[in-house]
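Quick note on the numbering used here: the sequence shown kicks off at 618 and runs consecutively.
Ideal Cβ placement from N, Cα and C applies to all residues, glycine included.
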Amino acid sequence: MDPDNSILDDSKRKFISTCLGGLAILAVTGGAVVTSSIFRYYLIPRPTTDNKGKITIPVKDLAAGAAKFFEYNGYAAVLVKKMDGRLAVLSAVCTHLGCIVQWDAKRQEFICPCHAGYFTPDGEVISGPPPSPLDRLPFNVANGIVTIG
Ligand code: FES
618 MDPDNSILDD
628 SKRKFISTCL
638 GGLAILAVTG
648 GAVVTSSIFR
658 YYLIPRPTTD
668 NKGKITIPVK
678 DLAAGAAKFF
688 EYNGYAAVLV
698 KKMDGRLAVL
708 SAVCTHLGCI
718 VQWDAKRQEF
728 ICPCHAGYFT
738 PDGEVISGPP
748 PSPLDRLPFN
758 VANGIVTIG
């Protein structure tokens, strides 16, 4: 076919190409917005008005090497009883993009399911994208009761 006899001249081709490029950008951007909304709704914690103030948890409720998750001032938090019996109370909100970490009792590590961030039982980063340790929460132990806050 002779290019000079084509139905579309160069300016029309350029116009159609620009329109298709714009539609592609809109599709990608729209998809990113929807994906971001789903991610934020399901994975990033939202503060609530419940459980403000101090939280108490009996030490005997936790076996060595176990973790107990709870809500503290509207955010996910966790009490860990390490294998040596020492306690740690941490924010369970990952310092990378805010997903909730999970406790792997077998490995004695926290794992962030979003981007494979790993933390020690004290909340220190082992590997992955988290830029800093899990936040430590204030607590004390008296008469077998852990009081957080
Ligand atoms: S949000 Fe936890 S590793 Fe990305």
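Any non-hydrogen atom of the ligand FES closer than 8 Å to residue i Cβ
i, result
"residue 714", "yes"
"residue 768", "What is shown of the chain runs 618 to 766, which leaves residue 768 out entirely."
"residue 558", "Absent from the model: residue 558. The displayed extent of the chain is 618 to 766, so no value can be given."
"residue 733", "yes"
"residue 746", "yes"
Residue nearest to residue i in terms of C-alpha spacing, selected from the options
i, options, result
"residue 757", "626, 631 and 671", "671"
"residue 766", "699, 627 and 706", "706"
"residue 708", "723, 740, 726 and 683", "740"
"residue 746", "729, 725 and 738", "729"
"residue 679", "698, 691 and 692", "698"
"residue 684", "733, 725 and 627", "725"
"residue 750", "692, 711, 691 and 626", "711"
Distance, residue j Cα to residue i Cα
i, j, result
"residue 677", "residue 696", "12 Å"
"residue 753", "residue 631", "58 Å"
"residue 713", "residue 701", "28 Å"
"residue 686", "residue 694", "6 Å"
"residue 763", "residue 703", "12 Å"
"residue 666", "residue 743", "Bear in mind that a pLDDT of 44 at residue 666, under 50, signals an unreliable position, so the model cannot answer this."
"residue 616", "residue 674", "A question about residue 616 goes unanswered here, because the residues of the chain that appear run from 618 up to 766."
"residue 716", "residue 723", "21 Å"
"residue 738", "residue 689", "18 Å"
"residue 719", "residue 760", "29 Å"
Which residues DSSP lists as bridging residue i, in chain order
i, result
"residue 704", "698"
"residue 693", "688"
"residue 719", "728"
"residue 757", "764"
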